[in-house]
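Here the structure comes first, spelled out in C-alpha coordinates, and everything after it is commentary.
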Amino acid sequence: GRAAEPPEVSQVVLFLLSDESSYLTGSEIVVDGGLTIGVPYKCQAPESIF
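Note that this note's numbering gives residue 4 to position 4 of the sequence shown, counting from 1, and the numbers run on in steps of one.
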(Lines of atoms letter the chains of each structure in order from A and count residues from 1; the text may use other names and numbers.)
(Lines give C-alpha, C1' and ligand atoms only; values in the text may rest on other atoms or scores of the structure.)
Protein backbone atom coordinates (compact mmCIF):
# COMPACT_ATOMS: atom_id res chain seq x y z
CA GLY A 1 0.00 0.00 0.00
CA ARG A 2 1.01 3.56 -0.70
CA ALA A 3 -0.51 6.95 -1.21
CA ALA A 4 -1.74 7.65 -4.72
CA GLU A 5 0.29 9.72 -7.12
CA PRO A 6 -1.46 12.71 -8.73
CA PRO A 7 -1.48 11.11 -12.23
CA GLU A 8 -3.33 8.08 -10.82
CA VAL A 9 -6.11 10.21 -9.38
CA SER A 10 -6.21 12.54 -12.38
CA GLN A 11 -6.95 9.62 -14.71
CA VAL A 12 -10.19 8.99 -12.82
CA VAL A 13 -11.07 12.68 -12.95
CA LEU A 14 -10.43 12.76 -16.70
CA PHE A 15 -12.65 9.73 -17.16
CA LEU A 16 -15.47 11.36 -15.21
CA LEU A 17 -15.16 14.51 -17.32
CA SER A 18 -15.21 12.56 -20.58
CA ASP A 19 -18.12 11.31 -22.66
CA GLU A 20 -17.09 7.78 -21.68
CA SER A 21 -18.71 8.31 -18.27
CA SER A 22 -22.00 9.67 -19.64
CA TYR A 23 -23.92 6.60 -18.44
CA LEU A 24 -22.79 7.01 -14.80
CA THR A 25 -25.20 8.77 -12.47
CA GLY A 26 -25.19 8.91 -8.70
CA SER A 27 -22.08 6.78 -8.39
CA GLU A 28 -19.35 6.88 -5.81
CA ILE A 29 -15.97 5.99 -7.24
CA VAL A 30 -13.39 5.29 -4.57
CA VAL A 31 -9.79 5.91 -5.59
CA ASP A 32 -7.79 4.62 -2.64
CA GLY A 33 -5.58 1.84 -3.96
CA GLY A 34 -7.71 -0.83 -2.28
CA LEU A 35 -7.49 0.62 1.24
CA THR A 36 -11.23 0.28 1.86
CA ILE A 37 -11.25 -3.42 0.94
CA GLY A 38 -8.77 -4.25 3.65
CA VAL A 39 -5.39 -3.88 1.99
CA PRO A 40 -3.09 -2.77 4.81
CA TYR A 41 -1.59 0.67 4.40
CA LYS A 42 1.87 0.95 5.87
CA CYS A 43 2.71 4.52 6.62
CA GLN A 44 5.86 5.44 8.40
CA ALA A 45 5.67 7.23 11.70
CA PRO A 46 7.10 10.74 11.55
CA GLU A 47 10.55 11.14 12.96
CA SER A 48 10.71 12.60 16.42
CA ILE A 49 11.80 16.23 16.56
CA PHE A 50 12.99 15.82 20.14
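The beta carbon of each residue, even a glycine, is placed where N, CA and C say it ideally should be.
Since the structure is predicted, the reported quantities are computational estimates derived from the model, not experimental observations.
Go through its chain and collect everything with a Cβ distance to residue i's Cβ below 8 Å, but skip five positions before and after it.
{"i": "Ile29", "result": "Val12, Leu16"}
{"i": "Ser48", "result": "none"}
Can you name, in chain order, every residue of its own chain whose Cβ lies under 7 Å from the Cβ of residue i, other than the five neighbours on each side?
{"i": "Ser21", "result": "Phe15"}
{"i": "Glu9", "result": "Here residue 9 turns out to be Val, not Glu, going by the sequence shown. Closer than 7 Å at Cβ, skipping near neighbours: Val31."}
How far does the alpha helix (DSSP H) with residue i in it reach, from first residue to last?
{"i": "Leu14", "result": "6-17"}
Assuming residue i and residue j form a contact by the criterion Cβ under 8 Å, report the distance between their Cβ atoms to the nearest whole angstrom.
{"i": "Val31", "j": "Ala3", "result": "Actually they do not touch by this definition, with Cβ atoms about 11 Å apart."}
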